[in-house]
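Which chain is which? The protein sequence lines are A and B, in order. For reference, each letter of the first sequence is one residue, going 2 to 714 in the working numbering. For reference, each letter of the second sequence is one residue, going 2 to 714 in the working numbering. Have a look at the structure below before the remarks.
Number of protein chains: 2
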Amino acid sequence: MTQLTAWAQWSPVLGALGLMVALVLFLYIRRQPAGSEVMQEIAGRIHEGAMAFLRREYSVLAVFVVVVAALLWLVLGKLTAIAYVTGALSSVLAGFFGMSAATRANVRTSAAARDVGQGKALRIAFYGGAVMGLSVAALGVLGVGAWYYFLGAAAISESDFVSFAQIISGYAMGASSIALFARVGGGIYTKSADVGADLVGKVEAGIPEDDPRNPAVIADLVGDNVGDVAGMGADLFESYVGSVIAAIAIAVTSAAYAADRLEAVALPILTIVVGLVTSIIGISLMRLLERFNPAAALRNVTFIAAALFIFVMYFVVKALGFEVFDPEAGRAYPATGPFWAITTGAIVGILIGLVTEFYTASRPVKRIAKASQTGSATNIITGLAVGMESTAAPVLLIALAIWISYYFAGLYGIAVAGVGMLATVGVTMSVDAYGPIADNAGGVSQMSHLGPEVRRITDGLDALGNTTAAIGKGFAIGSAALTALALFSAYTSSVGLRETGLNIIDPEVVIGLLVGGVIPFFIAALALTAVGRAASGMVAEVRRQFREIPGLMEGRTRPDSARCVDISTRAALKEMIAPGLLAVTTPVVVGYVSVHALGGLLAGATVSGVLLALFIANSGGAWDNAKKHIEGGALGGKGSDPHKSAIVGDTVGDPFKDTAGPSMNILIKLMSVVSLVLAPWLAKVHGLTGVQEPEQAGALWQGIGKFFQSLFG
Amino acid sequence: MTQLTAWAQWSPVLGALGLMVALVLFLYIRRQPAGSEVMQEIAGRIHEGAMAFLRREYSVLAVFVVVVAALLWLVLGKLTAIAYVTGALSSVLAGFFGMSAATRANVRTSAAARDVGQGKALRIAFYGGAVMGLSVAALGVLGVGAWYYFLGAAAISESDFVSFAQIISGYAMGASSIALFARVGGGIYTKSADVGADLVGKVEAGIPEDDPRNPAVIADLVGDNVGDVAGMGADLFESYVGSVIAAIAIAVTSAAYAADRLEAVALPILTIVVGLVTSIIGISLMRLLERFNPAAALRNVTFIAAALFIFVMYFVVKALGFEVFDPEAGRAYPATGPFWAITTGAIVGILIGLVTEFYTASRPVKRIAKASQTGSATNIITGLAVGMESTAAPVLLIALAIWISYYFAGLYGIAVAGVGMLATVGVTMSVDAYGPIADNAGGVSQMSHLGPEVRRITDGLDALGNTTAAIGKGFAIGSAALTALALFSAYTSSVGLRETGLNIIDPEVVIGLLVGGVIPFFIAALALTAVGRAASGMVAEVRRQFREIPGLMEGRTRPDSARCVDISTRAALKEMIAPGLLAVTTPVVVGYVSVHALGGLLAGATVSGVLLALFIANSGGAWDNAKKHIEGGALGGKGSDPHKSAIVGDTVGDPFKDTAGPSMNILIKLMSVVSLVLAPWLAKVHGLTGVQEPEQAGALWQGIGKFFQSLFG
């Protein structure tokens, strides 16, 4: 039944509808009361700081995007270049939409906590996050869907399909290149401000968190938005788009799916359409869920959307009616094979999330807290051990997902498992973005002296977000691993290595593996060093203001917070360049030398990147919560010796979990997608045969012509 | 000219001669004055503690060795089982010899520092280390040489050669399995004692390092011997033996070396013979070098031995007269190809050592010290960043070594490069073992109140050792990487994957890569957790003694140090079991499921193991020296706030550099060698063809018969 493949052409419309829902939520938030003048003034400064950073960041990236687009045009043709630009633009738009909502929802959450109560505050914060979540999902559906409409759906011959996949991979590369810079830049911004604010404010001057006298607090609150909203959004957007495009790239070259080519290409797009719709349903249920059990609502909304999604997908896959024989594996896959792969992805994503939650919020956290009794050194050792230990279960789950999805649908199965894991990103990203909004609301309340009662509510909201954020981080890493593997497989097919094989015994491949393995470590080192450098600049500035601004400590004068915002902004923009360029250029250089070495490089980078990401993100999260556990009254509570030790761990964990850790996810996908996009060029350089030329002159224009015909004819 | 291959049969004799030189040095040390009664009493307690630990450790391991030997006998035949036992026994003997010398040299070094001066003290400490170094080298030459004499030299047919390689790989497995337990156990011992002694003694009670009132000091000094002498010795012994056997395993199946089979098998053995001889020459030059420039003597002795070694090897390779055409690569290698590979290995080993020295003793250390000014958190962040950064250069050097040696001699080249890197282990190990002896001498001086002048000399000796030890650690990691890769290649040939290829695109291989990658992280977590647990037991005991033993703090009564020794011993023996068994059984289980997955597992474990080893060992070393840099007077010196922060880093670094880090080296080799040994069994399980049956009935007895004939006939 191929009617469904025609339905996939309607995906841009659904994407546009999704954006409209996001707009409705945004307008709802705007209508809410924004509190007192003081609150609005503080929120205004956060909003301005965040938007100013985004504008400056995007103007730097615009240069980069234009240069890369020009190179792509020269080497691979104009359609790939255009696709690249649209991918970058989508990522930028998602960031702008999400940030606009988040920096308005924060103060309104705070006002609702003061005037109405927890329920309403929770809803505003969540809807604020949902604007980001739906923007990511809807822009992805819109962008991928539009390219499918214009090029994919019109494909008839095998070479049409290959061209479509090659061009649309430019879209994924656009999303990825924005993402790495946004993640690294945002991560450096937020943590330099955070570490700087904490080291001088909390530790040296002994004033509380988010105290208005601390000049770095505004920068810290801006950082939450820049890093955890815009950065995380760009990260998940690229994973989401990357997984769909990897599945398409495998679908078009897979020998197994030769008979069902169009169905195999349409399925990933239909999958994210279904995911978008079930996400909207999930989000709309929030109001209901929150009344029954506000504490579990955030978590339940995720589970409900996933369950609904799986339910619908069964019928979608059934309707597509796959009947597939894989000549490579020498066996047939069941008709519902892709469904089981998608389901495996969705379930394993949640399981990885729960494992992450266990390591960052359960027994291991108490172990770290207990180790804080013997000092900061044992706190650190235990936290690092917990992080290393926490790599095992997620990696085994990923291995299991690979095994099951391959069993049911071959390589294509692995790719659609990644799509299944990310399809409900509309919900998972909403929950993720909820966290920094609640955190910000707490900051605004503290700075506006709203009193302990309001702060208690916002702290409660924050704690909810912290636990659920763990699930989101797990998703991000798990999906990055599957997506990177799928992109890697797509790359190997594109340069014709599927037939000849990519032999690990080959020294070129071994060298690639080793060099690839080292890149995540090196980039993590760059990110950590950048945070350290920027934070020490911030420390010096805060110390200077405390020393030089008369009356500041007594609360008579206001600190110069604009200066701190500027320090973070400059540092982030400067320090994001080196890791970003390294990640983009390494595959080009290595691929130019040898496509085998590049294959090894991608495999090595994926393995070491996933491990390092899990290790550092989870130890960071565990340290954070160990400190909070003690602050909750355990082992002597706030101000005790164990608390002081736990603060050291938390400070170390900050750049771990919010700068270096998340950069790994993007790094591995970015390198894979760059390789995939460049595959036709590499094939030409190395004189490989059997690789399709990408450009299809006029195909896009034909598609656009068809579009206008359908509109007016 | 095959005369040289006949010379290789004399290698057992040279091994025996090497042991005699070690004995001469041992007797020299014994003859030196052992200082006052107090000193002898303290040294006696260290000696007893260390020997008691070794005895208990080896009795636990004896059970393990017997069980594994029985299984090997059943599955692979008696010769492999016997080889396994001899390998284990050689490792045990090396440990015993080295420890006997080290625990006698320490107090005599201290006495020489008091009575004679720095030169004599340096010499005694170095000769003490040389007993360990020469024992490792000579036992390796003796063991491998004896198996060559009895089986290898008698080989005529291709299948004789294959059987020889398969049986002798049992020898490497014996060495490896002792090594992992010894390294992990020794590492846990030394660091639980060290961390425990420091946390309560230095930090809480404020008494100096090695203060006789601290009950954990003896355990700490025992730990230096157990971990850094015996553990390191077992580590290098297995690398040394493993590299030779990997080269032999590749030599016997390589299509390229089919015409020069016997020469290719003999070369690695001749290489270590030359290395042993040049090591002895290097060691004997110490007396001369130390007079000119004692500070550089330790380093120069390493360089001189390496240079001499390279010089002689040129003639050896020339004389063997390789003329090789590689049908796989489709080209001929130069006649001196293996020489260039060996030279590359030797030089790259030293370069990796120098990089390690840079990261643990140069600018990065000052960066960490500077970061200590803003607290322990920034000290930790910077240290971790330095560790991550430090992975890049060594891995690129290893990649370069692979590339060059493959270019000159194919896969066999990679294997002999590993042999070249380790051939002068007699010297490098001597320098390594010198370190803990000098450290111990300092401890003995402090505990016997020999005064600041003597302590100044021993501190100087210790500092010399620390710098040079970095080179040794670099060697250990670099050689582990090359050896593991060579063993991995040998495994893939043995299960017939060389022909079919081990395709990274194959999901089984990908799953193997991921699972393999996670193992080092998991084992490191186990090791760190074990140290944390054991250290907290030690902390509780030291606190108890300070509290309950009347007059202890005033120095009127003596602490119960035997109890601390017992805590470390028990903890080490208990905690070494889990990681050891995990490492040995994982390849068996995974290989039983799929030989492809096992291939992926070995590659993944090697990449992630090498990276993790470099990361944690180097950050540990850098933290240590950052603390020492501040103690040397920088940034406020001892007792300042930066110093306190640096102590936290140093304490975190202790289990990093001395427990978890070195375990990685052995882990990756052990898993590879287990896979190699089990290859014939795996081939049978999976019904693979083209794999040789191992056992050659009566071959050993024929060899022994020949031996007696040659003696009496």
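Heads up, the beta-carbon is just placed ideally off N, CA and C, and yes, glycines get one too.
Touching by the beta-carbon criterion (3+ pairs, under 8 Å), the stretch 260-267 of chain A and the stretch 420-434 of chain A: no
Members of the stretch 397-425 of chain B that neighbour chain A once the beta carbon cut-off is set at 8 Å: 397, 399, 400, 403, 404, 407, 412 and 415
Within-7 Å CB hit, residue 210 of chain B to chain A: no
Assigned exposure category for residue 294 of chain B - 16 Cβ within 10 Å defines buried: exposed
Distance between beta carbons of residue 418 of chain B and residue 346 of chain B, contact taken as under 8 Å: 3 Å
Chain A contact for residue 25 of chain B (CB, 7 Å cutoff): no
CB contact below 7 Å: residue 652 of chain B versus chain A: yes
Residue from B:627, B:474 and B:439 whose Cα sits closest to the Cα of residue 464 of chain B: B:439
Selection from B:277, B:287 and B:327 that minimises the alpha carbon distance to residue 311 of chain B: B:277
Same chain, Cβ closer than 7 Å to residue 40 of chain A, neighbours up to 5 away in sequence not counted: 108, 111, 112, 445 and 449
Proximity of residue 240 of chain A and residue 489 of chain A at Cβ, strictly below 7 Å: no
Three CB pairs or more closer than 8 Å across the stretch 378-394 of chain A and the stretch 217-227 of chain A: no
Given residue 322 of chain B as reference, the closest of B:137, B:425, B:260 and B:456 once Cα atoms are compared: B:260
Paired residues, beta bridge with residue 504 of chain B - DSSP: A:504
Whole-number beta carbon distance between residue 185 of chain A and residue 51 of chain A, since they are thought to touch under 8 Å: Incorrect: roughly 17 Å between the Cβ atoms, too far for contact.
Status (buried if at least 16 other CB within 10 Å, exposed otherwise) for residue 288 of chain A: exposed
Below-7 Å beta-carbon distance, residue 62 of chain A vs any chain B residue: no
Per-residue burial, residue 7 of chain A [other beta carbons within 10 Å of its own, 16 or more giving buried]: exposed
Start-to-end residues for the alpha helix (DSSP H) that takes in residue 57 of chain B: 38-77
Chain B residues whose Cβ lies nearer than 7 Å to that of residue 499 of chain A: 506
Residue interval of the alpha helix (DSSP H) (run including residue 456 of chain A): 453-495
Bridge partner(s) assigned by DSSP for residue 327 of chain A: A:332
Under 8 Å (Cβ pairs) to chain A, residues found in the stretch 581-604 of chain B: 600, 601 and 604
CB-CB length for residue 500 of chain A against residue 598 of chain A, believed under 8 Å: About 18 Å; that fails the 8 Å criterion.
Cβ contact (3+ pairs, closer than 8 Å) linking the stretch 577-591 of chain A and the stretch 523-532 of chain A: yes
Residue closest to residue 275 of chain A, alpha-carbon to alpha-carbon, out of A:5, A:171, A:603 and A:669: A:5
Secondary structure of residue 269 of chain B, DSSP reduced to three states: helix
Inter-residue spacing [alpha-carbon to alpha-carbon] between residue 132 of chain B and residue 409 of chain B: 36 Å
Closer than 6 Å: residue 591 of chain A CB and nearest the ligand HEM heavy atom: By its list of ligands, the structure shown contains no ligand whatsoever, and the ligand HEM lies outside what it can speak to.
Delimiting residues of the alpha helix (DSSP H) encompassing residue 670 of chain A: 662-686
Those runs of the alpha helix (DSSP H) which lie wholly inside the stretch 356-382 of chain A and span at least 4 residues: 364-372
Touch test, the stretch 607-621 of chain B against the stretch 369-389 of chain B, Cβ-Cβ under 8 Å, three pairs minimum: yes
Buried or exposed (CB count within 10 angstroms, at least 16 for buried), residue 21 of chain B: exposed
Beta-carbon proximity of residue 506 of chain A to residue 493 of chain B, cut-off 7 Å: yes
Rounded separation between residue 12 of chain B and residue 167 of chain B - CA only: 20 Å
Under 7 Å by beta carbon: chain A residues contacting residue 390 of chain B: 523 and 526
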